[in-house]
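Q: Protein sequence lines correspond, in order, to chains A and B. Mind the numbering: the first sequence is residues 582 to 1145 in my numbering, read in order. Mind the numbering: the second sequence is residues 93 to 252 in my numbering, read in order. Ideal Cβ positions, reconstructed from N, Cα and C, are used throughout, including at glycine. All of these numbers come straight from a predicted model, not from anything done at the bench.
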Amino acid sequence: MKLTGSQIFLESLKKEKVEYIFGIPGGAIIDLHDEIYKQDDINFILTRHEQAAVHAADGYARSSGKPGVALLTSGPGATNGITGIATAYMDSIPLIVFTGQVPTPLIGNDAFQEADIVGMTRSCTKYNFLVKDAKDLARIIKKAFYIATTGRPGPVLIDFPKDVQVAKAEFSYPETIHLRGYNPTYHGNLKQIKKVVKAIASAKKPLLYVGGGTILSNASDELRKLAQKLRIPVFTTLMGIGAYPEDDDLSLGMAGMHGTYRANMAIQYCDLLISVGARFDDRITGKVSEFAPNAKVVHIDIDPTSISKNIHVDYPLVGDVKLVLKEMLPMFDEYNHVDWNEVRKQWFEQINKWKNEHKLAYEKEKKEILPQYVIEKLCEITKDDDPVITTEVGQHQMWVAQFYTFTKPRRFLTSGGLGTMGYGFPAGIGAQFAYPDKPVFVFAGDGSFQMNEQELATLIAYDKPVKVIILNNGFLGMVRQWQDLFYGKRYAATDIEVQPDFVKLAESYGIKARQIRKKSEVEEALIEMKEHKGPYILDAVIDREENVYPMVPAGAAISNMLLT
Amino acid sequence: MKRIFSITVENEAGVLSRVANLFSARGYNIESLNVAPINEENLSRMTIVTEGDEAILEQIGKQLNKLIDTIKVTEFGDVPFVEREMALIKMHTDLGTRAEVLRIVDIFRGKVVDVSPDSYTIEVTGDSGKIDAILSLLEPLGIKELARTGKVAMIRENKK
């Protein structure tokens, strides 16, 4: 039987077990929406801005491990989505973004709401397609899901012209797909794995460097086994947070520009740095020439282009992190007679010394609210609830990374690579769709929150109990911090004290909200928020000029930390 | 360091743009680029001459491989290979220079492919050095117009 392009779209998405599509309709996608309207299997979630729709799909994907799907209209709808797509691209998140397009005969005519979205997104998608004929559609959708979710994941865009949405074609969904130019390497090279095993077993001061790839590959169990079997200390990147339990004694927390003293020092003194699904981003390495000067480097990554891109790697190992670690673990059995605690005694002595020096801290005596305190308190009162925490970008993001103790993967969602303000709130909404019964908390700055605050309407429309904590300092705080430290306190364009009354704003949508200004109110307010059944906005007015420490100035060596 | 990459790619819409984009987005330089379909269905071959240090060249190779439309990447580094390019050269000629132009064309085993009372159009093929050499000889005689292809290259078969 022949189906229209719109029907093929829906049938294909059902085959891919898609539950939710996030987006906003428009003229060039109206035919498809008419078809969505007629069925109940797939739910369309209407946001109030396309950027938020893509972030919501992204939050759904990061928290659930399933691909996220967004559906936007042509022209401005599609271009509004680009920030969301680029965010997912930088963090390797599997998304399939469909955009309406003007009818094929009009493409290239500068038609109303036409944009060359395929051209524009070429450098921020893993791949993209323009569907020219309804008979190609099912195959293209299959390819898109395959490309987005395999290898190093990433967003794929499908541009879907209006006339193709109504054209008819035979529907059959391909069971399998083979792309001759695309064959990710999953299994590590056995010889190379053996070399790495030997290097790890003979290292005196090894250190695990864990990135987002470990979470994408669902390799937390294997990682934990490796670290604990061989007693190797672990630090994560921002994207790797949650891959290893931060309450474990081997955890050193996050390293990098705002990393812990112990993690950054361990990098500088280790003799073997074992990178697992990380990419030696400049926020981790600082000055590359002085990064891990005493270490040989092992790099396990599914993307060969990540290896030796920023720093020289001694033991490259291309493959899926989970599979490589699985293959590696039994090879350590021949060292079962070794008492690793004994071997690492000196290394742990050194690390324990660092652990007790320059701990993450803040002033406990202040009457004003310090953001770190709010985060620690929330961590304390939610530790049995297994919540999903999302953040926006800036100071509050770093404080959450530092002061909330994450013990499981896919519980901390943040825009690491692109650093997109406006990500956290819609991503939290997406995560709430993935986990209707889990608590979702969004940490936001007042600046970030205002970049997608229109999504308060989405919360109410779908009755989602997302909780937002605005750590409100009336500044674009991270930029202000740089101005404070490196630009002679000249706060150019970072004072944003002119802001809405967030309580009234929330209430105008029918959302419960409260403002607090004193430290003594924090705990009680957080509990009230937690126990409230619906959505809740907590506007916590914090000390205006609190800075994030430690801080490694951009371009300095990673051990060159400003500590207070 | 100069390097020639030859890549076999799917003949998909946008593939040239993906390759070009890879170079521009990462700040790599393309010195010349040549694309044409090959004898296998739906495949094209691109020959790209680029420049960079060893680390950059390694990245370029990996990045080209990573493109979903890329089937195969061949790097012309240490192995012996044949490279060719072609030039079409339109010469101003008069009675005084016509004979000299023909002599030079003959020495370089070029061909005259179009003639008018005051011009010759010459076709010449060879490696870049040869093309550069004939151009430097013809230059003083009056080049009117020049069109030069990028390189194409192929690994030499093992002679045993």
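Which residue from A:ALA859, A:ILE1123, A:PRO874 puts its Cα closest to that of A:LYS948?
A: Ranking the options by Cα distance to A:LYS948, first place goes to A:ILE1123.
Q: As a quick exercise: from A:SER673, A:LEU797, A:ASP714, pick the residue whose alpha carbon is nearest that of A:LEU904.
A: Among A:SER673, A:LEU797, A:ASP714, the Cα nearest to that of A:LEU904 belongs to A:LEU797.
Q: Take A:GLY867 as the anchor and find which of A:MET1142, A:PHE590, A:LEU613, A:LYS775 has the nearest alpha-carbon.
A: Per the Cα distances, A:MET1142.
Q: Name the DSSP beta bridge partners of A:PRO742, please?
A: In DSSP, A:PRO742 forms a bridge with A:GLN682.
Q: Where does the unbroken beta strand (DSSP E) through A:PHE861 begin, and where does it stop?
A: It is not in any beta strand (DSSP E) - A:PHE861 carries neither H nor E in the DSSP assignment.
Q: Within 10 Å of its beta-carbon, does A:MET582 have 16 or more other beta-carbons around it, so buried, or fewer, so exposed?
A: Flag for A:MET582 reads exposed.
Q: Please list, in chain order, all residues of the same chain as A:ASP622 whose beta carbon is under 7 Å from its beta carbon, the five residues on each side excluded.
A: Closer than 7 Å at the Cβ level, and outside the excluded window around A:ASP622, lie LYS595.
Q: Please give me, in chain order, every unbroken run of the alpha helix (DSSP H) with length at least 4 that falls completely inside the stretch 1004-1028 of chain A.
A: Within the stretch 1004-1028 of chain A, the complete alpha helix (DSSP H) runs of at least 4 residues are 1005-1015.
Q: From this set, A:THR668, A:GLU923, A:ALA1087, which residue's C-alpha is nearest A:VAL1049's C-alpha?
A: Comparing Cα positions, the closest option is A:ALA1087.
Q: From which residue to which residue does the beta strand (DSSP E) around A:PRO787 run?
A: Element bounds for A:PRO787: 787-791.
Q: Quick one, which residues of the stretch 104-116 of chain B are near chain A if we go by CB-CB under 8 Å, in chain order?
A: Flagged, chain order: ALA105, GLY106, SER109, ARG110, ASN113.
Q: Tell me the rounded alpha-carbon separation between A:GLY1000 and B:LEU230.
A: Cα-Cα distance, rounded: 57 Å.
Q: DSSP three-state call for B:ARG240: helix, strand or coil?
A: Residue state, collapsed to three classes: strand.
Q: Using a C-beta to C-beta distance shorter than 7 Å, which residues of chain C count as neighbours of B:THR162?
A: Absent here is chain C; the protein component of the structure consists of chains A and B.
Q: What is the DSSP secondary structure of A:THR886, reduced to helix, strand or coil?
A: Of the three classes helix, strand and coil, the one that applies to A:THR886 here is helix, per DSSP.
Q: Would B:LYS158 pass as an interface residue toward chain A - the criterion being a Cβ-Cβ separation below 7 Å?
A: Yes, B:LYS158 lies at the interface with chain A (some Cβ there is under 7 Å from its Cβ).
Q: So, for A:MET1110: in the same chain, excluding its five sequence neighbours on each side, which residues have a beta-carbon less than 8 Å away from its beta-carbon?
A: Contacts found: LYS1048, ILE1050, ARG1095, TYR1117, LEU1119.
Q: List, from N- to C-terminal side, the alpha helix (DSSP H) runs of 4 residues or more that fit wholly inside the stretch 801-834 of chain A.
A: Qualifying alpha helix (DSSP H) stretches, in chain order: 801-811.
Q: What separation, rounded to the nearest whole angstrom, lies between the Cα atoms of A:TYR896 and A:ARG812?
A: For A:TYR896 and A:ARG812, the distance between alpha carbons rounds to 20 Å.
Q: Which value, in whole angstroms, describes the spacing of the CA atoms of A:MET671 and A:ALA873?
A: Approximately 24 Å, taken between the alpha carbons.
Q: For the 8 Å Cβ check, are there 3 or more pairs between the stretch 677-697 of chain A and the stretch 644-659 of chain A?
A: A contact exists between the stretch 677-697 of chain A and the stretch 644-659 of chain A.
Q: Mind listing the chain B neighbours of A:TYR708? Cutoff is C-beta to C-beta under 8 Å, in chain order.
A: Ordered by position in chain B, the residues that pass the 8 Å Cβ test against A:TYR708 are ILE160.
Q: By the 10 Å Cβ neighbour count, where 16 or more other Cβ atoms means buried, how is A:LEU788 classified, buried or exposed?
A: Buried: at least 16 other Cβ atoms inside 10 Å.
Q: Quick check: the stretch 632-643 of chain A against the stretch 600-608 of chain A, are there 3 or more CB pairs under 8 Å?
A: Contact between the stretch 632-643 of chain A and the stretch 600-608 of chain A is present, because at least three Cβ pairs lie under 8 Å.
Q: Just reading off the beta strand (DSSP E) that B:GLU102 is part of, what are its end residues?
A: Counting along the chain, the beta strand (DSSP E) containing B:GLU102 begins and ends at 94-102.
Q: Assuming A:ALA844 contacts A:GLY792 under a Cβ cut-off of 8 Å, what Cβ separation, rounded to an integer in Å, is found between them?
A: Their Cβ separation, rounded to whole angstroms, is 13 Å, which puts A:ALA844 and A:GLY792 out of contact at 8 Å.
Q: Going by DSSP, which residues form a beta bridge with B:ARG190?
A: Its beta-bridge partners do not exist; DSSP assigns none.
Q: Please name the residues in the stretch 140-154 of chain B whose beta-carbon is closer than 9 Å to at least one beta-carbon of chain A, in chain order.
A: Within the stretch 140-154 of chain B, the qualifying residues are ALA147, GLU150, GLN151, LYS154.
Q: Assuming A:ARG761 is part of the beta strand (DSSP E), what are its boundary residues?
A: From DSSP, A:ARG761 is part of no beta strand (DSSP E); its letter is neither H nor E.
Q: Spatial neighbours of A:ALA725 within its chain, please: CB distance less than 6 Å, with the 5 preceding and 5 following residues excluded, ordered by chain position.
A: These residues qualify, in order along the chain: ILE677, VAL737, ILE739.
Q: Does any residue of chain B have a CB that is nearer than 7 Å to the CB of A:ARG703?
A: Cβ-Cβ to chain B under 7 Å: yes for A:ARG703.
Q: Just the Cα atoms here: how many angstroms apart are A:LYS1045 and A:PRO911?
A: Approximately 45 Å, taken between the alpha carbons.
Q: CB-CB under 7 Å to A:LEU906, same chain, minus the five flanking residues each way: which ones, in chain order?
A: Taken in chain order, the residues that qualify are ALA800, GLU803, LEU804, LEU807.
Q: Based on Cα-Cα distance, which residue from B:GLU133, B:ARG201, B:LYS251, B:ALA128 lies nearest to B:ALA245?
A: When only C-alpha atoms are compared, the closest one is B:ALA128.
Q: Out of B:HIS184, B:GLU249, B:GLY218, state which residue places its alpha-carbon closest to the alpha-carbon of B:PRO232.
A: It is B:HIS184.
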